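Asker:
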Amino acid sequence: MHTELSPLKRFLYLFGIFFRIGAFTIGGGYAMLPIIEKEFVSNKRWVSEEEMVDIIAIVQSLPGVIAFNTSMFIGFKIAGFAGAVIAALGMLLPSLIIISLFSLVYVSVQDNAYVQAAFMGIRAGVTALIGIAGFKLGRRVLVSALDAVIAAVSFAAVWYFSFSAAYTILIAAILGLLMYGIVKVRAYGID
49 MHTELSPLKR FLYLFGIFFR IGAFTIGGGY AMLPIIEKEF VSNKRWVSEE EMVDIIAIVQ
109 SLPGVIAFNT SMFIGFKIAG FAGAVIAALG MLLPSLIIIS LFSLVYVSVQ DNAYVQAAFM
169 GIRAGVTALI GIAGFKLGRR VLVSALDAVI AAVSFAAVWY FSFSAAYTIL IAAILGLLMY
229 GIVKVRAYGI D
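Residue 57 in this note's numbering sits at position 9 of the sequence shown, with consecutive numbering throughout.
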């Protein structure tokens, strides 16, 4: 457990894990989620599955990059405010370094057919990683028929009708509060 480690070792682990994830995961935040989950839920067991689902739900409703926000939440859970800063730096620095170096080279090779072909393959792989993250999250979150209905209606509203994702999340949160209230009222026999 992470509490058995010295603060310095916790900081080094957090920084190292997030630096590695940030450096070697192509495809942005959603592609990083399965790797973050595997590292902190399965391998280290520093975060429970339920906590990970809650973290993902919270960070999706916040402004900013999902992987960056997730790193801050996990860092805070493991080592407080300093842990959040260390985890965020670990996640941010690889992108900053890679983008800076890549931008120097990309301008001269962007029209190269091999470079374009490589990016087409990368996009396909990233799509698979995002799909895996969505499937894993959905499998744990959609536990009732009503959950599935809310998810399907939310998907349709955003995808087909271009409804605001922020409003969709807000409406889903209100529905969740109402559902929880109804279940609690029925469970305790309160009218």
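Note that the Cβ used here is the ideal one computed from N, Cα and C, for glycine as well. These numbers were taken from a predicted model, which means no experiment stands behind them.
Let me know if residue 94 comes out buried or exposed under the rule of 16 or more other beta-carbons within 10 Å of its beta-carbon.
Answerer: Buried, because 16 or more other Cβ atoms sit within 10 Å of the Cβ of residue 94.
Asker: Which of the three DSSP states, helix, strand or coil, is assigned to residue 92?
Answerer: Residue state, collapsed to three classes: coil.
Asker: Please return the same chain residues whose Cβ sits closer than 8 Å to the Cβ of residue 96, not counting the five positions on each side in sequence.
Answerer: Only 89 meet the Cβ criterion.
Asker: Closer than 8 Å is the cut-off here; do at least three beta carbon pairs connect the region 119 to 132 with the region 146 to 160?
Answerer: With the cut-off at 8 Å, the region 119 to 132 and the region 146 to 160 do not touch.
Asker: Given this structure, state the Cα-to-Cα distance separating residue 200 from residue 62, to the nearest angstrom.
Answerer: Each residue's Cα considered, the two are about 36 Å apart.
Asker: On the DSSP letters alone, give me the boundaries of the alpha helix (DSSP H) that residue 209 sits inside.
Answerer: Unbroken run through residue 209: none, as it is neither H nor E.
Asker: Would you mind stating whether residue 196 and residue 190 have Cβ atoms separated by less than 8 Å?
Answerer: Yes. Within cutoff.
Asker: Would you tell me roughly how many angstroms separate the C-alpha atoms of residue 225 and residue 219, rounded to the nearest one?
Answerer: Cα-Cα distance, rounded: 10 Å.
Asker: Rounded to whole angstroms, what is the Cα-Cα separation between residue 214 and residue 108?
Answerer: In a straight line, the C-alpha of residue 214 is about 10 Å away from that of residue 108.
Asker: Quick check: the Cα distance between residue 230 and residue 202, rounded to an integer number of angstroms?
Answerer: Looking at the two C-alpha atoms, the distance is approximately 21 Å.
Asker: Can you say whether residue 117 is buried or exposed, counting buried as having 16 or more other CB atoms within 10 angstroms of its CB?
Answerer: Looking at its Cβ environment, which holds 16 or more other Cβ atoms inside 10 Å, residue 117 is buried.
Asker: Which class does residue 156 belong to by DSSP, given the choice of helix, strand or coil?
Answerer: Helix at residue 156.
Asker: Write down the C-beta distance between residue 65 and residue 99 rounded to the nearest angstrom, noting that I regard them as a contact closer than 8 Å.
Answerer: Contact doesn't hold; Cβ gap of about 16 Å is too wide.
Asker: Of the residues 79, 124, 177, 73, which one's Cα is nearest the Cα of residue 55?
Answerer: Ranking 79, 124, 177, 73 by Cα distance to residue 55 puts 124 first.
Asker: Which residues in the same chain have their Cβ closer than 7 Å to the Cβ of residue 58, if we skip the five residues on either side of it in sequence?
Answerer: The answer, listed in chain order, is 50, 126, 127, 131.
Asker: In whole angstroms, give me the CA-to-CA distance for residue 142 and residue 71.
Answerer: Rounded to the nearest angstrom, the two C-alpha atoms are 5 Å apart.
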